[in-house]
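Asker: Would you mind keeping the following structure in view while I ask a few things?
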Amino acid sequence: MGKARIWKRIILWMLAGIILAAAAAIAADRWISWKTAPYIYENINDLPPSEVGMVLGTAKYYKNGTINQYYRYRIQGAVNAYNSGKVKYLLLSGDNAQHSYNEPSTMRKDLVNAGIPASKIVLDFAGFRTLDSVVRTRKVFDTNGFTIITQRFHCERALYIAMEKGIEARCYAVSSPKNMFTVRAREVVARLGALADLYILNREPRFLGPQESIPAPQTLPENVPSYPAVTPEELNVLYPEPPAAPEKPADNTQPAPAAQ
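At position 73 of the sequence shown (counting the first as 1) the number is 73 in UniProt numbering, and the numbers step up by one without a gap.
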């Protein structure tokens with residue numbers, strides 16, 4: 001067998017392997033999309049209400065300084081979900097690996113400027129990956145049945161991770177930029193990475209830490225009654241009733257006789 005024929009077979013086997021790998025990647029991508037489709041809502045009116053909406057972070061600006069449309073749509077989606085009463089709290093989960101790069105704080109600033117009360121916003125600074133954000137929402141922030149807010153392609157991967165981790169979630173799919181071929185191609189690779197994390201590497205979030213419930217539980221000192229907060233006796237001490245005005249004595253004098 002000549003060298004030319006050997007190289008030809010090697011190239012054919014390599015091409016066959018590439019085609020099979022590409023077909024497997026596309027099949028896995030389509031499987032994830034199909035399995036998570038029932039839990040994705042694109043119309044805010046159809047979205048079931050939940051206590052917490054978890055916004056997946058991304059950079060606000062591209063490297064050239066222009067606004068990231070994925071970021072802008074997620075912020076607007078979070079505002080819409082809160083103002084429509086579909087979520088009561090917003091958990092902002094993102095990367096904070098560098099001092100100059102802080103996704104949760106940037107999102108918080110823009111949401112407050114959009115009219116969301118600061119008391120309804122919770123920050124998660126350890127959402128380094130989608131897996132970290134989803135699992136930390138359940139384990140650290142003690143939240144189940146929450147709503148994820150991001151683009152549809154991201155919804156599918158986040159929901160698949162949640163389902164495989166036994167976490168109840170749904171997703172509000174916000175708008176996407178028109179030209180997203182490159183991002184969508186990268187998503188196929190990201191989904192393969194997620195499958196490896198779930199079934200091969202068994203990865204967990206980089207950081208967990210103490211549990212922080214949403215909303216935070218309110219505790220009272222031991223000597224303070226829970227209800228009523230102020231007893232009637234304490235209320236009288238704080239706000240005593242003013243003393244009653246003394247009654248005027250009855251006037252028993254007879255009127256003087258009229259002049260004749």
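A virtual CB, placed ideally from N, CA and C, is assigned to each residue, including glycine.
Starting from Met54 and walking both ways along the beta strand (DSSP E), at which residues does that stretch end?
Answerer: Ser50 to Leu56
Asker: Let me check understanding here. Comparing Cα to Cα, which of Ala16, Phe146, Tyr160 and Arg74 lies closest to Glu51?
Answerer: Out of Ala16, Phe146, Tyr160 and Arg74, Phe146 has the C-alpha closest to the C-alpha of Glu51.
Asker: For my contact list, Val79 and Leu111 are in at a C-beta cut-off of 8 Å; report their separation, rounded to the angstrom.
Answerer: 7 Å
Asker: Measuring only the C-alpha atoms, how far is Arg138 from Tyr71?
Answerer: 23 Å
Asker: With 16 other CB atoms within 10 Å as the buried threshold, where does Glu42 fall?
Answerer: Glu42 is exposed by the Cβ-count criterion.
Asker: Looking only at its chain, what residues have a beta carbon closer than 7 Å to the beta carbon of Arg206, apart from the 5 residues adjacent to it on each side?
Answerer: Ala126, Phe128 and Asp132
Asker: Once the 5 residues before and after Asn96 are set aside, which same chain residues still bring their CB inside 6 Å of it?
Answerer: Asn102 and Phe125
Asker: Looking at the secondary structure, which residues open and close the alpha helix (DSSP H) in which Arg72 lies?
Answerer: Start and end: Gln69 to Asn83.
Asker: Roughly how many whole angstroms lie between the Cα atoms of Glu164 and Ala194?
Answerer: So the alpha carbons of these two residues sit roughly 11 Å apart.
Asker: Count the other CB atoms within 10 Å of the CB of Gln151; is the residue buried (16 or more) or exposed (fewer)?
Answerer: buried
Asker: With DSSP collapsed to three states, give me the class of Ser213.
Answerer: coil
Asker: Grab the span of the alpha helix (DSSP H) containing Ser93 for me, first residue to last.
Answerer: It is not in any alpha helix (DSSP H) - Ser93 instead sits in the beta strand (DSSP E) that spans Val87 to Ser93.
Asker: In angstroms, rounded to a whole number, what distance separates the CA positions of Ser105 and Leu201?
Answerer: 31 Å
Asker: Output the residue ranges of the beta strand (DSSP E) runs that lie fully inside the segment 166-215 and measure 3 residues or longer, sorted by chain position.
Answerer: DSSP runs (the beta strand (DSSP E)) wholly in the segment 166-215: 169-174.
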